[in-house]
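Participant: This is the structure I have questions about; it appears just below.
Protein chains: 2
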Amino acid sequence: MFMFIIFHDMELRQLRSLVTLIDTGFSVSQAADRLHLVQPAVSQHLKQLEEELGVRLLRRHGKRLVGLTAAGEQVFRHAREALTATGSILAVGKDHKEERHGVLRIAATHTQARYVLPPVIRRFVQEYPEVALEIHQGTPGRLIELLQRDAVDLAVCTEGLGQQQDLTSLPCYRWNRCLIAPAGHAILAQRPLTLERLCEHPIVTYVFGFTGRGNLSGTFARHGLEPRVVLSAADTDVIKVYVREGLGIGIIADMAYQPDADADLERRDLSHLFPWEITRIAHLKDRYLRVFQRRFIAVFQEETALMQRGSGPIARKENAPSVVP
Amino acid sequence: MFMFIIFHDMELRQLRSLVTLIDTGFSVSQAADRLHLVQPAVSQHLKQLEEELGVRLLRRHGKRLVGLTAAGEQVFRHAREALTATGSILAVGKDHKEERHGVLRIAATHTQARYVLPPVIRRFVQEYPEVALEIHQGTPGRLIELLQRDAVDLAVCTEGLGQQQDLTSLPCYRWNRCLIAPAGHAILAQRPLTLERLCEHPIVTYVFGFTGRGNLSGTFARHGLEPRVVLSAADTDVIKVYVREGLGIGIIADMAYQPDADADLERRDLSHLFPWEITRIAHLKDRYLRVFQRRFIAVFQEETALMQRGSGPIARKENAPSVVP
DNA sequence: AGAATTTACGCGGTCCGTAACCATG
DNA sequence: CATGGTTACGGACCGCGTAAATTCT
Numbered sequence: 026m027f028m029f030i031i032f033h034d035m036e037l038r039q040l041r042s043l044v045t046l047i048d049t050g051f052s053v054s055q056a057a058d059r060l061h062l063v064q065p066a067v068s069q070h071l072k073q074l075e076e077e078l079g080v081r082l083l084r085r086h087g088k089r090l091v092g093l094t095a096a097g098e099q100v101f102r103h104a105r106e107a108l109t110a111t112g113s114i115l116a117v118g119k120d121h122k123e124e125r126h127g128v129l130r131i132a133a134t135h136t137q138a139r140y141v142l143p144p145v146i147r148r149f150v151q152e153y154p155e156v157a158l159e160i161h162q163g164t165p166g167r168l169i170e171l172l173q174r175d176a177v178d179l180a181v182c183t184e185g186l187g188q189q190q191d192l193t194s195l196p197c198y199r200w201n202r203c204l205i206a207p208a209g210h211a212i213l214a215q216r217p218l219t220l221e222r223l224c225e226h227p228i229v230t231y232v233f234g235f236t237g238r239g240n241l242s243g244t245f246a247r248h249g250l251e252p253r254v255v256l257s258a259a260d261t262d263v264i265k266v267y268v269r270e271g272l273g274i275g276i277i278a279d280m281a282y283q284p285d286a287d288a289d290l291e292r293r294d295l296s297h298l299f300p301w302e303i304t305r306i307a308h309l310k311d312r313y314l315r316v317f318q319r320r321f322i323a324v325f326q327e328e329t330a331l332m333q334r335g336s337g338p339i340a341r342k343e344n345a346p347s348v349v350p
Numbered sequence: 026m027f028m029f030i031i032f033h034d035m036e037l038r039q040l041r042s043l044v045t046l047i048d049t050g051f052s053v054s055q056a057a058d059r060l061h062l063v064q065p066a067v068s069q070h071l072k073q074l075e076e077e078l079g080v081r082l083l084r085r086h087g088k089r090l091v092g093l094t095a096a097g098e099q100v101f102r103h104a105r106e107a108l109t110a111t112g113s114i115l116a117v118g119k120d121h122k123e124e125r126h127g128v129l130r131i132a133a134t135h136t137q138a139r140y141v142l143p144p145v146i147r148r149f150v151q152e153y154p155e156v157a158l159e160i161h162q163g164t165p166g167r168l169i170e171l172l173q174r175d176a177v178d179l180a181v182c183t184e185g186l187g188q189q190q191d192l193t194s195l196p197c198y199r200w201n202r203c204l205i206a207p208a209g210h211a212i213l214a215q216r217p218l219t220l221e222r223l224c225e226h227p228i229v230t231y232v233f234g235f236t237g238r239g240n241l242s243g244t245f246a247r248h249g250l251e252p253r254v255v256l257s258a259a260d261t262d263v264i265k266v267y268v269r270e271g272l273g274i275g276i277i278a279d280m281a282y283q284p285d286a287d288a289d290l291e292r293r294d295l296s297h298l299f300p301w302e303i304t305r306i307a308h309l310k311d312r313y314l315r316v317f318q319r320r321f322i323a324v325f326q327e328e329t330a331l332m333q334r335g336s337g338p339i340a341r342k343e344n345a346p347s348v349v350p
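Residue numbers (the numbering used here), protein chains in the order written: chain B, 26 to 350; chain X, 26 to 350.
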């Protein structure tokens, strides 16, 4: 009779199952679907991981998985690192194999996707016609989540990127707000525009958490003012509609005003009232970016710099700080 | 008849084979030995990697592997990241399973191992009697290599750590040189000691690349002086022997002078002549350090700070800058 | 009861080791 | 011809899918 000591190696699929489990909010079946496996397979992966490490990673209520233990949190972090690294290896391979082919998955807020990205995309597809584009839209919080779970490659975003440890972000351009009102509106005659005067009118602007709303509300609050926001939307187009309806004056991101399409609305710069916002482009830290992904970032920076220099819809007094890392 | 499209996943063992291949200087057989596999297995891993990525990773002369391609370099970097991450996961497991058990692999130069580590180790083994210690010795360059190939956990080192991108290092204590000479030697009467006076005598000191020899030679050179080094050794003990023999005066790291054992040799401080050296403790970047490994670093910092405050062999005027990151 | 997870079991694929083959210095 | 790497092949292992059992909502 012999004793066989069997040595189970930790494998990548087990880590994938763990990470996907967490991405799905601890549903083994959903994780299995995403991984194109059946539930028992994923269950087994998790069990194997816990067995091999000799530590419970998952908190359970009976058979339901409800969260991570302290050990699980640490393992999770390193598991994501490992998967990022292996993903990078695949990306390196693709880059050297067919440099001009691939998929570019971008996530952006509505304002970015609608008003900033179009010229960038136009130039990019011209340069890389064989690269398939995916544009995802969502709140800043959601964009970050998409990056973290590697559902997108790049995110274009103004808020909430600074504090994420696992992301890298590059500043691209800065913007501020402008006022829009139907031609003939009383506020258009008032010079200079002050925070107080804005408060005299009903306001239509962004929902909190979208497109710099935090800094906007904050600025009013810091001056002890309470603007009367009659409607808030996630989406500049919606704001414009209601400003046209006469519901109130609009405060929108300046790059969202289009001289041609919005000729019926008059525009006033508000950059003397509110802090500048910096729009950044972010990706998973330590992730290998394919050449066309890096190129997209460069095109984005070039196009937005151009936009700020006044050849685009927005004329600005000073030159933009064109940031290149 | 059906077409079966078989999807080969990249696996960790393939990455391990690639990384080990490089660590062994591109010998497939040696890599296989280290991995406890046979040559064909490793060969297959490498082939599978190249096939799946669709890119040549290895440069070949006939069947001999001689180096990495550009793509191989990039893949290698990320492969090491992936393995570091999975190694971290195993370490997290061990920490939560048996926090006080494990192996601590330290690499140090001779001076550190002989004169600095002993009191640190004494305290550490008292606190963690169940942790097995391995102490490796080597040149600074070798220590870095050992860290990079994950052959040791920590390295204690004065030179060459700053420039390595893949290592993290913490400054621990600073030191300078001292002069040693047999009692009654002419130089002991000379006050103050200057670089010029040192040059009047034959010198015994460290080999270039060891224990701050670079800065030592550099200092003389910057003053246009050329010391007459009659013997250089990698090892303070050897230097002491020849100083006792009367071969010359010794210039050694100050923490290597031991008042009791070296009572026959007189010591003079030389910190007014040479730059201070900072000894650091380094580990692989992004690697998870087990609690007792972190504790070892802390003990090292505490003990060396104590040493510098004058309760150890070396009395210093000012308090040491106890650096905690 | 029903949804979700774990246990049981069998098949197919594959991973590694042995052995033969090839190339280089 | 010896050293080192690749190709060929077979057996053991195990990972996944199907199906039954179990447990919590």
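We put the CB at the ideal spot given by N, CA and C, even for glycine.
How long is the line joining the alpha carbons of VAL80 (chain B) and GLY118 (chain X), rounded to whole angstroms?
Facilitator: Their Cα atoms are separated by approximately 6 Å.
Participant: Using a Cβ cut-off of 8 Å, pull out every chain B residue sitting near HIS352 (chain X), in sequence order please.
Facilitator: There is no way to answer for residue 352 (chain X), as the model of chain X reaches only from 26 to 350.
Participant: Counting only beta-carbon atoms, is LEU78 (chain X) nearer than 7 Å to chain B?
Facilitator: Closer than 7 Å to some Cβ of chain B, the Cβ of LEU78 (chain X) qualifies, so yes.
Participant: Considering only the alpha carbon of each residue, which of B:PHE321, B:ALA259, B:ASP175 lies closest to ILE277 (chain B)?
Facilitator: Comparing Cα-Cα distances from ILE277 (chain B) to each of B:PHE321, B:ALA259, B:ASP175, the minimum goes to B:ALA259.
Participant: In the DSSP assignment, what residue or residues form a beta bridge with LEU83 (chain B)?
Facilitator: Its beta-bridge partners are B:LEU93.
Participant: My assumption, with CB atoms under 8 Å, is that GLN173 (chain B) sits in contact with ALA133 (chain B). Please give the rounded CB distance.
Facilitator: Between ALA133 (chain B) and GLN173 (chain B) the Cβ distance is about 16 Å, and since that is not below 8 Å, they are no contact.
Participant: To which residues of the same chain is LEU314 (chain X) closer than 7 Å at the C-beta, ignoring the five residues directly before and after it?
Facilitator: Result list for LEU314 (chain X): HIS308, in chain order.
Participant: For HIS226 (chain X), collect the residues of the same chain with a Cβ closer than 7 Å to its Cβ; drop the 5 residues on either side in sequence, then sort them by chain order.
Facilitator: Counting only Cβ-Cβ distances below 7 Å, and skipping sequence neighbours, we find ILE212, GLY273, ILE274.
Participant: Just checking: is the beta-carbon of HIS210 (chain X) within a distance shorter than 7 Å of some beta-carbon in chain B?
Facilitator: Not an interface residue.
Participant: For the stretch 163-228 of chain B, which segments carrying the beta strand (DSSP E) assignment without a break, of at least 3 residues, lie completely within its bounds, in sequence order?
Facilitator: Runs found: 179-182, 192-200, 202-207.
Participant: Which residues in the same chain as LEU220 (chain B) place their Cβ atom closer than 6 Å to its Cβ, once the five residues preceding and following it in sequence are excluded?
Facilitator: Around LEU220 (chain B): HIS248, LEU250, LEU298.
Participant: Does TYR140 (chain B) come out as helix, strand or coil in the three-state DSSP assignment?
Facilitator: Helix, per DSSP.
Participant: Can you tell me whether LYS72 (chain X) is buried or exposed? The criterion is at least 16 other CB atoms within 10 Å of its CB, across all chains shown.
Facilitator: That one is exposed.
Participant: Which of helix, strand or coil does DSSP assign to ASP18 (chain B)?
Facilitator: Nothing can be reported for residue 18 (chain B): it is not among the residues displayed for chain B, which extend from 26 to 350.
Participant: Within the 7 Å Cβ cut-off, does LEU37 (chain X) reach chain B?
Facilitator: Yes, contact with chain B.
Participant: From GLU270 (chain X) to PRO144 (chain X), what does the alpha carbon distance come to, in whole angstroms?
Facilitator: When rounded, the distance between both Cα atoms is 29 Å.
Participant: Using beta-carbon positions only, say whether HIS70 (chain X) and GLN39 (chain X) come within less than 7 Å of one another.
Facilitator: Against a cut-off of 7 Å, the Cβ pair of GLN39 (chain X) and HIS70 (chain X) comes out as a contact.
Participant: Taking the C-alpha atoms as reference points, what is the distance between LEU290 (chain B) and GLN283 (chain B)?
Facilitator: C-alpha separation (whole angstroms): 9 Å.
Participant: Any beta carbon from chain X within less than 7 Å of VAL254 (chain B)'s own beta carbon?
Facilitator: Chain X, which has no Cβ nearer than 7 Å to the Cβ of VAL254 (chain B), makes this no.
Participant: Name the one or two DSSP bridge partners that ARG147 (chain X) has.
Facilitator: According to DSSP, ARG147 (chain X) bridges with nothing at all.
Participant: Should HIS135 (chain B) be labelled buried (16 or more other beta-carbon atoms within 10 Å of its own) or exposed?
Facilitator: It counts as buried.
Participant: So, ASN201 (chain B) versus TRP301 (chain B), is the Cβ gap smaller than 7 Å?
Facilitator: Contact flag set, yes.
Participant: Tell me the residue span of the beta strand (DSSP E) that contains ARG130 (chain B).
Facilitator: Residues 127-133.
Participant: If VAL67 (chain X) sits next to LEU83 (chain X), beta carbons under 8 Å apart, how far is it from one beta carbon to the other, in whole angstroms?
Facilitator: Incorrect: roughly 12 Å between the Cβ atoms, too far for contact.
Participant: The beta strand (DSSP E) spanning ALA288 (chain X) covers which residue range?
Facilitator: Looking at the DSSP string, ALA288 (chain X) is not in any beta strand (DSSP E), and its letter there is neither H nor E.
Participant: Using the rule of at least 16 other Cβ atoms within 10 Å of the residue's Cβ for burial, across every protein chain shown, is HIS86 (chain X) buried or exposed?
Facilitator: Looking at its Cβ environment, which holds fewer than 16 other Cβ atoms inside 10 Å, HIS86 (chain X) is exposed.
Participant: What distance in whole Å lies between the Cβ atoms of LEU115 (chain X) and LEU37 (chain B), which are believed to be in contact at a cut-off of 8 Å?
Facilitator: Wrong, their Cβ atoms sit about 14 Å apart, outside the cutoff.
Participant: Tell me whether ALA95 (chain X), by its Cβ, gets closer than 6 Å to a heavy atom of the ligand PLP.
Facilitator: Among the components modelled here there is no ligand, and therefore nothing to report on the ligand PLP.
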